[in-house]
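Step one of this worksheet: look at the structure below.
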Amino acid sequence: MLCVAATSALAQLRIEITEGVVAPTPIAIANFTGADGVETDEGRLIASIIANDLVSSGLFEPIDEAAFIAPPGSPSIKPNFANWAPLGAKGLLVGSAELDENGKLQVEFVLWDVVTERDLTSGAGSADPDAMRQLSHKIADLVYEEFTGDTGYFDTQIVYVAEAGSQTRRVKRLAIMDQDGHNHKFLTSGLDLVLTPRFSPTTQEIAYLNFFNDEPNVYIQDIRSGRSERLGSFPGMTFAPRFGPKGDRLIMSWAKDEDGASDIYEMDLRTQEIRQLTNSRAIDTAPSYSPDGKRVVFESNRAGRQQIYTMTSNGKNVQRISYG
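Sequential numbering from 72 applies to the sequence shown in this note's numbering.
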């Protein structure tokens with residue numbers, strides 16, 4: 072909200088900027104039922120996870136179940152919208168969830184637009200019970216995308232460095248968890264210092280620095296298998312490399328020589344060959360690929376102060392783009 076106050080033509084203009092107000096979208100999220108129309112334990116948990124995801128975005132307001140005029144129906148039956156419109160609901164999510172005879176979780180859902188009375192999206196599938204949270208996050212992503220037009224982010228993970236212990240015996244371990252804090256697990260033992268983990272484009276691999284014998288080493292770890300691969304020792308490196316958009320390259324800043332100046336390097340992950348992209352007496356750091364991988368953006372003090380530059384991915388056509 073922008074407030075402007077002025078008492079006369081000669082008065083000093085005072086502008087006060089406060090935070091904007093975005094009204095969250097009211098949505099009815101019914102507990103998922105079984106084939107008999109009765110709510111199941113799995114269905115209640117799925118609905119709860121979806122609701123928590125949407126609330127955390129700040130863009131949705133699930134309607135209290137106690138306000139429901141009628142119990143939710145099967146996802147295969149079109150709802151009576153007269154029971155939902157008076158609640159102010161803009162959307163209605165109904166579904167079924169139960170375990171089959173093989174112990175598999177069978178899920179079906181439909182998202183309805185209460186205003187236009189049409190279905191926005193639907194889906195069905197099966198999963199192991201231990202994948203229930205991930206399945207719920209995927210459904211929440213679809214709801215988010217239908218109402219906002221943006222890509223959902225609930226079925227994502229966060230990789231970070233977890234610290235524990237006293238100040239004199241600090242332990243840092245690589246860890247990963249779902250974006251809502253669940254399914255936390257450690258990826259490294261804590262015997263060595265680890266820093267700056269980076270996801271690959273597929274989010275199935277992580278590049279990070281491991282300080283073995285106080286020397287920085289670059290590792291790549293496969294999240295699913297837990298296997299780690301050491302790519303080499305890089306004295307003078309302080310931040311882990313970043314992946315290229317296809318996941319087949321790494322780009323890094325490395326103070327390879329003793330003069331302390333860092334340059335930009337690229338590693339081909341198939342051959343592990345390293346190519347130097349910049350060669351100056353300045354400090355070139357913080358490189359990152361453009362989304363198409365054709366250009367690289369980085370910081371450099373080659374003009375006297377730290378500024379932002381771009382270049383083609385082969386190190387040519389360096390251009391300064393900031394002048395602050």
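Virtual Cβ for every residue (Gly too), placed ideally from N, Cα, C.
Values in this document were obtained by computation on a predicted structure and should not be read as measured data.
Quick one: is residue i buried, meaning 16 or more other Cβ sit within 10 Å of its Cβ, or exposed?
| i | result |
| --- | --- |
| threonine 259 | buried |
| threonine 104 | buried |
| glycine 395 | exposed |
| asparagine 385 | exposed |
| glutamine 275 | exposed |
Roughly how many whole angstroms lie between the Cα atoms of residue i and residue j?
| i | j | result |
| --- | --- | --- |
| serine 371 | phenylalanine 310 | 15 Å |
| glutamate 286 | glutamate 113 | 49 Å |
| threonine 111 | asparagine 102 | 8 Å |
| alanine 374 | tryptophan 325 | 19 Å |
| valine 181 | phenylalanine 152 | 14 Å |
| valine 230 | valine 126 | 23 Å |
Put residue i into one of helix, strand or coil per three-state DSSP.
| i | result |
| --- | --- |
| lysine 209 | helix |
| valine 165 | strand |
| glutamine 377 | coil |
| arginine 269 | strand |
| serine 304 | strand |
| aspartate 334 | strand |
| tyrosine 394 | coil |
| asparagine 288 | strand |
| leucine 158 | helix |
| glutamine 177 | strand |
| phenylalanine 152 | helix |
| aspartate 135 | coil |
| arginine 204 | helix |
| glutamate 216 | helix |
| alanine 77 | Caution applies to alanine 77, whose pLDDT of 38 falls short of 50 and renders its modelled position unreliable; the value that the coordinates give is listed next. DSSP places alanine 77 in coil when its eight states are reduced to three. |
| proline 142 | coil |
| tyrosine 231 | strand |
Taking 8 Å as the cut-off, decide whether the C-beta atoms of residue i and residue j are in contact.
| i | j | result |
| --- | --- | --- |
| leucine 176 | proline 200 | yes |
| isoleucine 98 | alanine 160 | yes |
| arginine 313 | leucine 340 | no |
| aspartate 363 | proline 316 | yes |
| glutamate 360 | isoleucine 392 | As written in the sequence, residue 360 is tyrosine, which differs from the glutamate given in the question. For tyrosine 360 and isoleucine 392, no; Cβs fall outside 8 Å. |
| serine 147 | alanine 106 | no |
| threonine 44 | phenylalanine 218 | No answer is possible for residue 44: it lies beyond the span of the chain, which begins at 72 and ends at 395. |
| histidine 253 | arginine 295 | no |
| leucine 302 | glutamine 343 | yes |
In terms of residue numbering, what span does the beta strand (DSSP E) encompassing residue i cover?
| i | result |
| --- | --- |
| aspartate 124 | Where aspartate 124 is concerned, there is no enclosing beta strand (DSSP E), although the alpha helix (DSSP H) it sits in stretches over 112-127. |
| isoleucine 322 | 320-325 |
| serine 197 | 189-198 |
| threonine 96 | 96-100 |
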